[in-house]
Amino acid sequence: MSKIEHRLEELGHPLPAVAKPVAAYVPSVVSGNLVFTSGQLPFKDGQLIATGKVGEADGLLDPAVAKDLARQCALNALAAVKMVIGDLDRVTRVVKVVGFVASVPEFTGQPGVMNGASEFLVEVFGDKGVHARSAVGVPSLPLDSAVEVELIVEFE
């Protein structure tokens with residue numbers, strides 16, 4: 323088991339199987355020494371953990387729950403990275419995280435939601451996990467997912 327996979331186990335988040343694409347794409351591709359993942363949804367054991375719009379009113383998904391979903395998306399993205407490079411110990415840098423949050427128009431806490439992915443990647447990789455990031459609010463995501471995350475990762 324790689325050091326990174328051991329670290330994931332220590333954190334209580336073992337690396338899952340790669341989520342099956344829901345349309346005509348692949349989970350990740352390599353170009354040069356970079357891995358680009360497709361957008362990863364918060365699947366766990368083949369099911370979305372939660373769905374709906376994020377916001378702070380009754381009937382909306384709580385931002386703290388959405389933050390946990392972003393972490394699950396990042397974990398799923400790491401599985402997609404491993405699929406194409408074979409060993410997460412080969413990662414030299416998490417370059418960029420792009421996150422989408424399905425939210426109501428008045429919600430502006432997308433950066434806080436995406437901290438779930440960002441903080442997790444730093445927990446896993448240390449300084450190699452510090453990255454550039456975009457956090458974007460959108461009206462809807464595939465399968466009514468509340469969060470979607472993509473990664474760009476450098477490896478050797």
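Read in order, the letters of the sequence shown correspond to residues 323 to 478 in the numbering used here.
From the three backbone atoms N, C-alpha and C, an ideal C-beta is built for every residue, glycine too.
Given 8 Å, three or more beta-carbon pairs between the segment 374 to 382 and the segment 396 to 411: no
DSSP bridge partner residues for E472 (one or two, in chain order): Against the sequence shown, residue 472 aligns to sequence position 150. Bridge partners of E472: V420.
DSSP three-state assignment for G354, whether helix, strand or coil: Counted from its first residue, the sequence shown places residue 354 at position 32. Residue state, collapsed to three classes: coil.
Euclidean distance between Cα positions of V365 and G451: Mapped onto the sequence shown, residue 365 falls at position 43. Mapped onto the sequence shown, residue 451 falls at position 129. The sequence shown places Phe at residue 365, not Val. Distance between the alpha carbons of F365 and G451: 22 Å.
7 Å Cβ shell around V425 - same chain, five flanking residues per side excluded: Along the sequence shown, read from residue 1 onward, the residue named residue 425 stands at position 103. The displayed chain sequence assigns Ser, not Val, to residue 425. Once the five neighbours on either side are set aside, the close Cβ partners of S425 are K375, V376, G377, Q432, G459.
S456 - partner residues in DSSP beta bridges: As a working note, residue 456 is residue 134 in the sequence shown. Answer by DSSP bridge pairing, in chain order: V420.
Proximity to G434 [Cα-Cα], best of S467, L410, S324, V387: On the sequence shown, residue 434 is found 112 positions in, with the first residue counted as 1. Checked all of S467, L410, S324, V387; the closest Cα to G434 is V387.
Per-residue DSSP class, three states only, for K366: In the sequence shown, the residue the question calls residue 366 occupies position 44. DSSP places K366 in strand when its eight states are reduced to three.
For L463, the nearest candidate out of G334, H328, G421 (CA to CA): Against the sequence shown, residue 463 aligns to sequence position 141. Comparing Cα-Cα distances from L463 to each of G334, H328, G421, the minimum goes to G421.
Selected residue, minimal CA-CA separation from S440, among G368, P336, A392, K325: Translated into positions along the sequence shown, residue 440 becomes position 118. Among G368, P336, A392, K325, the Cα nearest to that of S440 belongs to A392.
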